[in-house]
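Notes to accompany the following structure.
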Amino acid sequence: MATIPSLPSRDDVARMARNTTDITGQLLDTAGNITRIAINTFDPRDGSGAEVLRVLRQTTAELAEASASPEAQEAFYRIVDTLTRLGTSGAPLAVHPVSEPAQALLTALGDSLLPVLDAVEPAVEEAAEALGELVDATSPLVPAGAGLVAAVLLALAPVIRAAADVLRDSSPELRRIADALTAALAPLVPLQVALAERAAAAGAGVVRAALPPLADLTEAAAAGLKAGRPLLIAGEEFVVSGLERLQPLLLVSASRVGRVARAGAVRVSAAVSPAAERGVVVAVHPV
Numbered sequence: 042m043a044t045i046p047s048l049p050s051r052d053d054v055a056r057m058a059r060n061t062t063d064i065t066g067q068l069l070d071t072a073g074n075i076t077r078i079a080i081n082t083f084d085p086r087d088g089s090g091a092e093v094l095r096v097l098r099q100t101t102a103e104l105a106e107a108s109a110s111p112e113a114q115e116a117f118y119r120i121v122d123t124l125t126r127l128g129t130s131g132a133p134l135a136v137h138p139v140s141e142p143a144q145a146l147l148t149a150l151g152d153s154l155l156p157v158l159d160a161v162e163p164a165v166e167e168a169a170e171a172l173g174e175l176v177d178a179t180s181p182l183v184p185a186g187a188g189l190v191a192a193v194l195l196a197l198a199p200v201i202r203a204a205a206d207v208l209r210d211s212s213p214e215l216r217r218i219a220d221a222l223t224a225a226l227a228p229l230v231p232l233q234v235a236l237a238e239r240a241a242a243a244g245a246g247v248v249r250a251a252l253p254p255l256a257d258l259t260e261a262a263a264a265g266l267k268a269g270r271p272l273l274i275a276g277e278e279f280v281v282s283g284l285e286r287l288q289p290l291l292l293v294s295a296s297r298v299g300r301v302a303r304a305g306a307v308r309v310s311a312a313v314s315p316a317a318e319r320g321v322v323v324a325v326h327p328v
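Each residue of the sequence shown is one higher than the last, beginning at 42 in the numbering used here.
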């Protein structure tokens, strides 16, 4: 297994940034010297191109003076520092061995998920709209739920504080437990890795062997479902029509049960009420 190279430390990054800044300053000084040499070289006393060379010389001198100012040096230093940080932070990650399988995984996931997302997009939109309607319908329950959650949190706060105090006081025992578990489980990690590799190989073999018959079974089930689709539709139609026929009967039965329950409640209330007058007969007529 290839070793993973270590990332540069903060001191290395700072040292590279300082070296880059020094080199940049030296380059700027060299550029200024070259500019002065060019000005001295193209300094004609007379001639048709004197005006053009004079403007060029003046512009170059102003650029050299501007680049040599402390503000420009500070700006250059910040730019170089930023580029150095980006390079030293991003370059090791880009060439890191772990980045190659990660990039391959992201590419495979993107290629595999895009068709799936395109296929389920209408269903997701419909489910989102239905969920929004459900949230709007249950919005009156939100304040009550929030109050209940707040009450539960307030009730649990003393328990959590007590548990934190107990754990804080028992830190030596917890450290001993952690050390014991580490000592007991550390030798098992290589064995678990080997068993996981064997299990993965065996599982891959099982899946590879089970996929063809599973595909055959799925095709047979799909064919059977397609053949029995009229019967399934007829059964659903029968159940729905039965529910539609039972709905008026259920409503009438519920109404009658409600009237009987209200009549019984009125009679019981009249019988046990101490303020009720004697000789008063309470009669309830169905509406």
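No residue lacks a Cβ here, since even glycine has one placed at the ideal position from N, Cα and C.
If you draw a straight line from the C-alpha of residue i to the C-alpha of residue j, how long is it?
| i | j | result |
| --- | --- | --- |
| Ala72 | Asp52 | 30 Å |
| Asp257 | Leu194 | 54 Å |
| Arg308 | Gly299 | 14 Å |
| Ser211 | Asp177 | 48 Å |
| Val161 | Leu208 | 48 Å |
| Glu174 | Pro181 | 13 Å |
| Pro184 | Val190 | 10 Å |
| Ala235 | Arg216 | 29 Å |
| Val301 | Ala295 | 10 Å |
| Glu285 | Leu292 | 11 Å |
| Arg249 | Ala237 | 18 Å |
| Gln288 | Glu278 | 15 Å |
| Leu229 | Ala164 | 46 Å |
| Ala205 | Asp220 | 21 Å |
| Arg119 | Asn74 | 23 Å |
| Gly186 | Ala275 | 43 Å |
| Leu222 | Ala241 | 27 Å |
| Val247 | Leu290 | 56 Å |
| Arg239 | Ala227 | 20 Å |
| Glu166 | Arg59 | 54 Å |
| Thr259 | Pro253 | 10 Å |
| Leu266 | Ala171 | 29 Å |
Going along the chain, which residues of its own chain have a beta-carbon closer than 7 Å to the beta-carbon of residue i, five neighbours each way excluded?
| i | result |
| --- | --- |
| Gly90 | In this prediction, Gly90 has a pLDDT of 47, which is less than 50 and means its spatial position is unreliable; what the coordinates show is noted afterwards. The answer is none, since no qualifying residue turns up. |
| Gly88 | Residue confidence is low: Gly88 scores 46 on pLDDT, short of 50, so the model does not pin down where it sits. Its coordinate-derived value is still stated next. Once the five neighbours on either side are set aside, Gly88 has no close Cβ partner at all. |
So, for residue i: in the same chain, excluding its five sequence neighbours on each side, which residues have a beta-carbon less than 6 Å away from its beta-carbon?
| i | result |
| --- | --- |
| Leu68 | none |
| Asp63 | none |
Between residue i and residue j, which are expected to be in contact by the criterion C-beta below 8 Å, what is the C-beta distance as a whole number of angstroms?
| i | j | result |
| --- | --- | --- |
| Val157 | Thr61 | About 46 Å; that fails the 8 Å criterion. |
| Phe117 | Thr76 | The pair is not a contact, with the Cβ atoms about 16 Å apart (cut-off 8 Å). |
| Thr123 | Met57 | Rounded, the Cβ-Cβ distance is 13 Å, inconsistent with contact. |
Leaving out five residues on either side along the sequence, give the residues of the same chain with a beta carbon under 8 Å from the beta carbon of residue i.
| i | result |
| --- | --- |
| Leu104 | Thr76 |
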